[in-house]
Amino acid sequence: MLKGFKDFLMRGNVVDLAVAVVIGTAFTAIVTAFTTSLIKPLIASLGSTETKGLGFYIRSGKEDTYLDFSNVINAAINFAIVAAVVYFVLVLPIQKIQERRKRGEEAGPAEPTNVELLIEIRDLLAAQQQTTPAQNTAQDRRGPAI
374 MLKGFKDFLM RGNVVDLAVA VVIGTAFTAI VTAFTTSLIK PLIASLGSTE
424 TKGLGFYIRS GKEDTYLDFS NVINAAINFA IVAAVVYFVL VLPIQKIQER
474 RKRGEEAGPA EPTNVELLIE IRDLLAAQQQ TTPAQNTAQD RRGPAI
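Residue numbers (our numbering): 374 to 519.
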């Protein structure tokens, strides 16, 4: 059961999809909280006392004209942290596993054997040919189906 699950994870783009969903939803909140609560105040401390952070007003007295560089830097740090975690926690280990498979040190996803495929085909054909006795009798009276 676990081997089949491992094989499923190693096929195609399942890993890529899982990375996008998990990291995009769960980890982003943690990184955003970290950068907003710890990094942004440090960046904002570099600004002057007349402003609300690292930035300036294009027109003094107009709140909407404030260019906030600390938010841009904060977003860049968020991206860098998320990208680093994705690479080191998910992408790099998967690459190592795939390299071992190429060298033959670890078995790849289990492919069905010819015998297993033939057994499955036989079972499917047998299931299709099973009909109720009433259907067989009616078909025998009409003759072979064309």
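For every residue, glycine included, the Cβ atom is placed at its ideal position computed from N, Cα and C. None of the values given here were measured: they were computed from a predicted structure.
With fewer than 16 other beta carbons inside 10 angstroms of its own, S418 counts as exposed.
V462 and V455 have their C-alpha atoms some 10 Å from each other. Taking 8 Å as the upper bound for CB-CB distance, T438 and I446 are not in contact here, some 19 Å apart. Distance check between L440 and each of L427, F452, G477, V459 places L427 closest, using alpha-carbon atoms only. CA-CA distance, G377 to S443, rounds to 48 Å. Rounded to the nearest whole angstrom, the CA to CA distance from I494 to V387 is 27 Å.
If you draw a straight line from the Cα of Q468 to the Cα of S433, it is about 53 Å long.
Residue pairing from DSSP places F429 in a beta bridge opposite L440.
In this chain, the alpha helix (DSSP H) harbouring K475 covers 465-476. For Q501, the enclosing alpha helix (DSSP H) begins and ends at 487-502. Distance between T408 and I416, taken at the CA atoms: about 10 Å. One alpha carbon belongs to V464, the other to A500, and they sit about 44 Å apart. In the structure shown, L419 falls within a coil segment according to DSSP collapsed to helix, strand and coil.
At the C-beta level, I412 and I450 come within 8 Å of one another.
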